[in-house]
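Colleague: Questions regarding the structure given below will be posed in turn.
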């Protein structure tokens with residue numbers, strides 16, 4: 030059994046492991062399909078370096094982006110370490126009420 034299937038069985042959530050390029054800087058790595066929408070683990074590459082300046086490093090950030098059906102409801106910064114970000118993402122996904130909570134916060138802020 031591969032790790033993706035094992036994580037899916039442990040979490041009880043339908044997970045899709047597939048790199049989907051959103052644009053030049055953003056890549057969706059994992060999508061969790063939830064009853065009220067879905068949550069994506071997105072990797073963002075911010076290129077700071079120039080070819081002749083190796084001291085300037087690229088920055089990689091991970092974000093959990095939540096969707097209620099087809100409506101964007103919010104995002105959470107998960108840091109710069111992939112393993113840490115992946116486990117924080119799984120914690121958010123296991124809390125299946127997370128997307129609805131984000132939607133309610135968004136609606137309250139819009140008022």
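Residue numbers (my numbering): 30 to 140.
Note that beta-carbon positions come from the ideal geometry of N, C-alpha and C, so glycine has one too.
Could you work out which residue in 72, 92, 43 and 101 is closest to residue 129 when comparing CA atoms only?
Modeller: Minimum Cα distance to residue 129 is reached at 101.
Colleague: Specify the secondary structure class of residue 42 as computed by DSSP and reduced to three states.
Modeller: The answer is coil: DSSP assigns residue 42 none of H, G, I, E or B.
Colleague: Taking the beta carbon of residue 132 as the centre, do at least 16 other beta carbons fall within 10 Å, making it buried, or is it exposed?
Modeller: It counts as buried.
Colleague: Just how far apart, CA to CA, sit residue 42 and residue 50?
Modeller: For residue 42 and residue 50, the distance between alpha carbons rounds to 23 Å.
Colleague: Quick one: grab the DSSP three-state call for residue 120.
Modeller: The answer is helix: DSSP assigns residue 120 an H, G or I state.
Colleague: Between the Cα of residue 37 and the Cα atoms of 88, 96 and 59, which residue gives the shortest distance?
Modeller: Residue 59 is the option with its Cα nearest to residue 37.
Colleague: Do residue 108 and residue 91 have their CB atoms nearer than 9 Å?
Modeller: Taking 9 Å as the Cβ cut-off, residue 108 and residue 91 qualify as a contacting pair.
Colleague: For the beta strand (DSSP E) containing residue 61, name the first residue and the last one.
Modeller: Its beta strand (DSSP E) spans residues 55–63.
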